[in-house]
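Colleague:
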Amino acid sequence: MKGFDVVIIGGGLSGSSTALNLAKKGYSVLIIEKEKNQDFKPCAGGMASSMKKFLPLEIKDAIESKIKNVEFRWKDSDNVIADLTGESPFWIIKREKFDKLLTDESLRNGVQILKPVLVEKITKKNDNWEITCNNKKKYISEFLVIADGSQSKWAGYFKLGPRKPKFANTISLRLNGLGKIPKDAVRFEFGFIKYGFAWAFPLKESLNIGLGTFINNSPLENQTINNQIIRSFGFEEFPYKTINKKLRIWNGLHPINGDKILAVGDAASLCDPFLAEGIRPSLISSFYAAECIDQCISGEIDNLNLYTKNINNNWGRSMAWGRRIAQVFYRFPRTGYQLGVKRKTAPKRIAQILSGEMSYEDIAKRVIKRLLINS
Ligand SMILES: Cc1cc2nc3c(=O)[nH]c(=O)nc-3n(C[C@H](O)[C@H](O)[C@H](O)COP(=O)(O)OP(=O)(O)OC[C@H]3O[C@@H](n4cnc5c(N)ncnc54)[C@H](O)[C@@H]3O)c2cc1C
945 MKGFDVVIIG GGLSGSSTAL NLAKKGYSVL IIEKEKNQDF KPCAGGMASS
995 MKKFLPLEIK DAIESKIKNV EFRWKDSDNV IADLTGESPF WIIKREKFDK
1045 LLTDESLRNG VQILKPVLVE KITKKNDNWE ITCNNKKKYI SEFLVIADGS
1095 QSKWAGYFKL GPRKPKFANT ISLRLNGLGK IPKDAVRFEF GFIKYGFAWA
1145 FPLKESLNIG LGTFINNSPL ENQTINNQII RSFGFEEFPY KTINKKLRIW
1195 NGLHPINGDK ILAVGDAASL CDPFLAEGIR PSLISSFYAA ECIDQCISGE
1245 IDNLNLYTKN INNNWGRSMA WGRRIAQVFY RFPRTGYQLG VKRKTAPKRI
1295 AQILSGEMSY EDIAKRVIKR LLINS
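So the number in my numbering is just where the residue sits in the sequence shown, counting from 1, plus 944.
1) For PRO1277 and GLN1167, I'd like the C-alpha separation in whole angstroms.
2) In angstroms with no decimal places, state the Cα-to-Cα distance between THR1067 and PRO1000.
3) Scan the segment 1024 to 1054 and note each continuous alpha helix (DSSP H) run of 4 residues or more that stays entirely inside, going in chain order.
4) CA-CA distance, LYS1080 and ILE1294?
5) Pull up the distance between the alpha-carbon of SER960 and that of PHE1111, whole angstroms please.
6) Using the three-state DSSP reduction, which class does TRP1143 fall into: helix, strand or coil?
7) Can you list, in chain order, the residues of its chain whose CB lies under 7 Å from that of ILE1269, leaving out five sequence neighbours each side?
8) When you compare only the Cα positions, how much space is there between ILE1187 and ASP983?
9) Give me the Cα-Cα distance between ASN1249 and ASN981, rounded to the nearest whole angstrom.
10) How would you write the range of the alpha helix (DSSP H) that CYS1240 sits in, first residue to last?
11) Classify GLU977 as buried or exposed, calling it buried when 16 or more other Cβ atoms lie within 10 Å of its own Cβ.
12) I'd like to confirm something about VAL973: is its beta-carbon nearer than 6 Å to some heavy atom of ligand 1, or not?
13) Mind checking whether the beta-carbon of LYS1189 lies closer than 6 Å to any heavy atom of ligand 1?
14) Judging by CA-CA distance, which residue of SER1162, ALA1220 and LEU1214 is the nearest neighbour of PRO1106?
15) Looking at ligand 1, does it come within less than 6 Å of VAL964, judged from the CB to the closest heavy atom?
16) By a C-beta neighbour count over all protein chains shown, 10 Å radius and 16 as the cutoff for buried, is TYR1184 buried or exposed?
17) Measuring only the C-alpha atoms, how far is ASN1171 from GLN1095?
18) To the nearest angstrom, report how far apart LEU1155 and PHE1042 are at their CA atoms.
19) Which stretch, first to last residue, makes up the alpha helix (DSSP H) that contains VAL950?
20) Measure the CB-CB distance between ASN1152 and ALA1026 and report whether it falls below 7 Å.
21) By DSSP's criteria, VAL1063 is part of a beta bridge. Which residues make up the other side?
22) Would VAL1055 pass as a contact of ALA1129 if the rule is Cβ separation under 7 Å?
23) Short of 7 Å in beta carbon distance, which residues of its chain neighbour ILE1053, apart from the five on each side in sequence? Order them along the chain.
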């Protein structure tokens, strides 16, 4: 039986970022990951460059595009373009490259990674976690991090995050070439998909396409509509393989820590319920997870409650507004498009949200202020 300061379940973006943050602080860390390798990650890779401050490593090799414009369409017309050439641009990263950089750097910093290994049982013994795996071995740690993503089994088991998680339905695919999408622009396509939208994010030589529905658990199986959307991005012939994934989205302010345990990333239900942004909260939660575990081990704080508090303050409060906006926008998308996207000041605000300069909370406060002044 081998002992570690921290065992992390799940070696995706949030699991390996947490591991690297902790290893850099000198802690012994084990990641237990169930998959051997994933050659295609269903993620469009859009990321605010302002997140640099939460990144535990240099990622320039994974950045495939730097975005200057955001194009919005309603049923392939009614164009709106937001200029993104501000202080902090929006990057498109190739997730497979990004995840590999993280894994390699974690290994270099002494993190141990077990894969493909499945956790079968977790118990607490003498104030330590005992983790039993399907390789017939047991591992012991003082702290446990749950990072097993949207299909998390362990977050619910330990009552971390919402009792009833909410999910967006998504379909994703990658096509060779960029179609009609410029190499420095992303496209958001509204109107075709009920209760959701489609997006096209350019990599160097291929296009990440995604379709998602965000409320009412609405399905995405209409092949005719899906083909129409893909054609609108400039592809006539498209032999493709799609991946369907249920993405766990933010659903209220809930504790995401317990006694010497916490959840990060999708497992903690942190993904933006309006735009499916999950990289940013994965990095923020990984950063604060490592900070709080460090403070706990060094005796500065008695428990991990500060972790939940930090995430709620730095992300959850904005997501509470994101969820309200999603519920109105996706129920009345035509009106939402006219008032929310086509409004004169909207492109600037959208750019500020995507670049991380503004939160949904800031936007909501502005709107409320405007209403009060005009009333
Ligand atoms: C179609 C789509 C497009 C997206 N596009 C964007 C985007 O453009 N920008 C953005 O910011 N976000 C995007 N997201 C969201 C983003 O991809 C996720 O929020 C992010 O990957 C979350 O990282 P994670 O480490 O928490 O989860 P994951 O990356 O899912 O990692 C979880 C890991 O845990 C492992 N695991 C699961 N169960 C177990 C277990 N029992 N034991 C051991 N290991 C386990 C899995 O194999 C996996 O490796 C998108 C999501 C989807 C579905």
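Each residue gets a CB set at the ideal place from its N, CA and C atoms; glycine is no exception.
Modeller: The relevant details are as follows:
1) Those two C-alpha atoms are separated by around 21 Å.
2) Using only the alpha carbons, I get a separation of about 30 Å.
3) Listed in chain order, the complete alpha helix (DSSP H) runs (minimum 4 residues) inside the segment 1024 to 1054 are 1039 to 1052.
4) Answer to the nearest angstrom: the Cα atoms are 51 Å apart.
5) Approximately 23 Å between the Cα atoms of the pair.
6) Correct three-state label for TRP1143: strand.
7) Excluding residues within five positions, the ones whose Cβ falls inside 7 Å are PHE1218 and TYR1304.
8) Distance between the alpha carbons of ILE1187 and ASP983: 12 Å.
9) ASN1249 and ASN981: Cα-Cα distance of roughly 34 Å.
10) Taken as a continuous stretch (DSSP letters only), the alpha helix (DSSP H) holding CYS1240 covers 1223 to 1241.
11) When all chains shown are included, GLU977 counts as buried.
12) Not one heavy atom of ligand 1 falls within 6 Å of the beta-carbon of VAL973.
13) Checking the Cβ of LYS1189 against ligand 1 gives yes.
14) Comparing Cα-Cα distances from PRO1106 to each of SER1162, ALA1220 and LEU1214, the minimum goes to LEU1214.
15) Note that residue 964 is Leu in the sequence shown, not Val. For LEU964, the CB stays at least 6 Å from every heavy atom of ligand 1.
16) By the neighbour-count rule (16 or more Cβ atoms within 10 Å), TYR1184 is not buried but exposed.
17) The alpha-carbon atoms of ASN1171 and GLN1095 are separated by roughly 28 Å.
18) Those two C-alpha atoms are separated by around 22 Å.
19) Element bounds for VAL950: not the alpha helix (DSSP H) but the beta strand (DSSP E), 946 to 953.
20) The answer is no: Cβ separation not under 7 Å.
21) DSSP lists CYS1077 as partners of VAL1063.
22) Result no, Cβ atoms of VAL1055 and ALA1129 do not sit closer than 7 Å.
23) Looking at the sequence itself, residue 1053 is Asn, so the reference to Ile does not match. Result list for ASN1053: LEU964, ALA967 and LYS968, in chain order.
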